[in-house]
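Student: I'd like to ask some things about the structure below.
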Amino acid sequence: MKSEVSGLYWSLRMKFKIGLISAAILLSGCATQKMAFPTQNKLTITGNTLVYDGMITGDAVLEAIRMVNDSDQKVTTLRITSSGGDIGVGIEFGHFIKNNDMDVIVSQLCFSACANYILPAAKSVVIGKDALIGWHGGANQSDEMWDQSVPSQYEKQFYRYLTRLRIKEAEFYNKVGVDPNITVYGHTRTNTCQRSTLANGWYYTESDMRHMGIKNLTVQGELLNTLNYNNSEINSCLMPQIFN
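All letters in the sequence shown, in the order written, are residues -36 to -1, 1 to 208 by mature numbering (1 follows the signal peptide of the UniProt record, and there is no 0).
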């Protein structure tokens, strides 16, 4: 992915200190990302539905889990709009969704860590009309892509951390029964739509999503290629059919 489109990403670019990886880092895949501090998340429970609007960050996900656990009514559905966020937090949120057998509704946007870990974990997925979804990499993307983001003096510490993330990601996809390459086909396929566009990410045909293990999928209308969200534009291109 080209650096000139990096300003359209929604996650914090990795910053390192000698001897540690900052707990505030939002590792969200893809190699080119700019500093973009998350806006305040909007979290509410309405009936049996958790409404989550915002980035996938540690404090927001912990608050969401607490709200579900404290709710007088059993929460069975997550209605989400998210541009993505932290890989590790996204994986843990995915485990929570899987363990609680939750349905997921995408209201407007599910990009990056949201697409990587929330959709695969769901009991069922409904993608609303005029929504945008998109993948753009994950922990398992190539070292060459990560190298574009990591200052050389911090590579040793970073790759120790990334190794743990890759193990967590592999265990997650094994648990939910979804193709782990769902996060990287847009990088690895020779006919990727990103070769001819400057899109931030990509999405798949309905049949490919089902083939890769996205369960009980309903798409209520044509998916968007461009969406303005929180005063920025996100673009996602449709990948050519991968599986027969």
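Ideal Cβ positions, reconstructed from N, Cα and C, are used throughout, including at glycine.
Taking 7 Å as the cut-off, is the CB of Tyr137 close to at least one heavy atom of the ligand GTP?
Tutor: Inclusion of the ligand GTP in the displayed structure is not the case, the ligand content being empty and no account of it being possible.
Student: How big is the Cα-Cα spacing for Val25 and Val53?
Tutor: In the sequence shown, the residue the question calls residue 25 occupies position 61. In the sequence shown, the residue the question calls residue 53 occupies position 89. Straight-line Cα distance between these residues: approximately 7 Å.
Student: Quick check on the DSSP output: what are the complete beta strand (DSSP E) runs of length 3 or more inside the region 89 to 166, in order along the chain?
Tutor: Counting only runs of 3 or more, we get 89 to 91 and 96 to 98.
Student: Tell me residue 220's beta-bridge partners as DSSP assigns them.
Tutor: Since the first residue shown for the chain is -36 and the last is 208, residue 220 is missing from the structure and cannot be characterised.
Student: Considering Glu197, what are the terminal residues of the beta strand (DSSP E) in which it resides?
Tutor: For the purposes of this step, residue 197 is taken as residue 233 along the sequence shown, with counting starting at 1. Ser196 to Leu202 is the extent of the beta strand (DSSP E) around Glu197.
Student: Just mark Gly11 as buried or exposed, buried being the case when its beta carbon has 16 or more other beta carbons within 10 Å.
Tutor: Reading the sequence shown from its first residue, position 47 is the one you call residue 11. So Gly11 counts as exposed.
Student: So with Cβ pairs under 8 Å, would you call Asp65 a contact of chain C?
Tutor: Any reference to chain C falls outside this structure, which holds one protein chain only.
Student: Is it the case that the region 104 to 122 contacts the region 86 to 95, given that we only count it when at least three CB pairs across the two stretches are under 8 Å?
Tutor: As far as the Cβ criterion goes, the region 86 to 95 does not touch the region 104 to 122, which means the pair count is below three.
Student: What does the alpha-carbon distance come out to for the pair Thr152 and Gln37?
Tutor: If you number the sequence shown from 1, residue 152 lands on position 188. If you number the sequence shown from 1, residue 37 lands on position 73. For Thr152 and Gln37, the distance between alpha carbons rounds to 44 Å.
Student: Does Gly48 come out as helix, strand or coil in the three-state DSSP assignment?
Tutor: Position 84 of the sequence shown, counted from the start, is the residue given in the question as residue 48. Of the three classes helix, strand and coil, the one that applies to Gly48 here is coil, per DSSP.
Student: Extract the residue ranges of the beta strand (DSSP E) inside the region 2 to 70, only unbroken runs of 3 or more that lie entirely within it.
Tutor: Listed in chain order, the complete beta strand (DSSP E) runs (minimum 3 residues) inside the region 2 to 70 are 6 to 10, 13 to 17 and 41 to 46.
Student: Which same chain residues, not among the five before or five after Gly141, have their C-beta less than 6 Å away from its C-beta?
Tutor: Working through the sequence shown from its first residue, we reach residue 141 at position 177. Here the set comprises Gly177.
Student: Give every residue of the same chain whose Cβ lies closer than 8 Å to the Cβ of Thr182, excluding the five residues on either side of it in the sequence, and list them in chain order.
Tutor: Translated into the one-based positions of the sequence shown, residue 182 becomes position 218. So the qualifying residues of the chain are Ser88, Val89, Val90 and Ile91.
Student: Where do the ends of the beta strand (DSSP E) carrying Tyr193 lie?
Tutor: Here the question's residue 193 lines up with position 229 in the sequence shown. It spans Thr190 to Tyr193 - the beta strand (DSSP E) in which Tyr193 sits, taken as one unbroken run.
Student: Below 8 Å between beta carbons: does that hold for Phe60 and Tyr81?
Tutor: Counting from 1 along the sequence shown, the entry for residue 60 is found at position 96. Counting from 1 along the sequence shown, the entry for residue 81 is found at position 117. Contact flag unset, no.
Student: With a CB to CB cut of under 8 Å and the five nearest residues on each side skipped, what residues in its chain are close to Gln205?
Tutor: If you number the sequence shown from 1, residue 205 lands on position 241. Around Gln205: Thr169, Ser171 and Asp172.
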